[in-house]
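Reading through the structure tokens given below for one structure.
Residue numbers (our numbering): 147 to 328.
And the structure:
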């Protein structure tokens, strides 16, 4: 995403807009996506066939019911992965905000408070040194510790989930190919 959105609206409002976009996309996906529609269509067809079979033969249409369950279970699995990805990305973002707060705000704030105490205790030289340290912290433009922790692999939860979802999608594609080949 471009930073111009954040410059105009600020990060909190922009994140709410991103949330709204994700919410709309999620609802649209589970209403209109090809895979979901296909799964619902298969389930409806299997249920209709099960009803027809049960009415004609007056027996348990277990195979047809199983087909309907299988189609709906695929959609449930998709929902489950969606839920997991939201939880993992939220926790990752929350961790990032904590790290940013510690690196960008808490360290300089601690040094400024310490300098304030030193000035009250009439230790002007130490107070000035501490203020210089806080100024150095405030002058840092890049959040090195935060970037290292987040992008160098300290939080691999999202990456692991991404790989898991990609493997799931690959298995799904292979399963569809096997069904088409008979």
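Ideal Cβ positions, reconstructed from N, Cα and C, are used throughout, including at glycine.
Other residues of its chain near residue i: CB distance less than 6 angstroms, five sequence neighbours each side excluded
| i | result |
| --- | --- |
| residue 248 | none |
Local conformation of residue i per DSSP, three classes
| i | result |
| --- | --- |
| residue 205 | coil |
| residue 212 | helix |
| residue 309 | helix |
| residue 233 | helix |
| residue 291 | helix |
| residue 156 | coil |
| residue 260 | helix |
| residue 192 | helix |
| residue 282 | helix |
| residue 315 | helix |
| residue 298 | coil |
| residue 253 | helix |
| residue 179 | coil |
| residue 303 | helix |
| residue 163 | helix |
Residue i, buried or exposed, once every other Cβ within 10 Å from all chains shown has been counted against 16
| i | result |
| --- | --- |
| residue 292 | buried |
| residue 245 | buried |
| residue 224 | buried |
| residue 280 | buried |
| residue 207 | buried |
| residue 306 | exposed |
| residue 243 | exposed |
| residue 214 | buried |
Residue-level contact to chain D via CB, residue i, 9 angstroms cutoff
| i | result |
| --- | --- |
| residue 319 | Here there is only one protein chain, and chain D is not present. |
Close beta carbons around residue i, own chain, < 7 angstroms, minus the five adjacent residues each side
| i | result |
| --- | --- |
| residue 253 | 283 |
| residue 234 | 303, 304 and 307 |
Best match in the options for proximity to residue i [C-alpha to C-alpha]
| i | options | result |
| --- | --- | --- |
| residue 296 | 163, 240, 165 and 268 | 240 |
| residue 210 | 158, 321 and 190 | 190 |
| residue 287 | 216, 219, 251 and 203 | 251 |
Beta-carbon contacts of residue i that lie in its chain and below 8 angstroms, excluding the five residues immediately before and after
| i | result |
| --- | --- |
| residue 260 | 276 |
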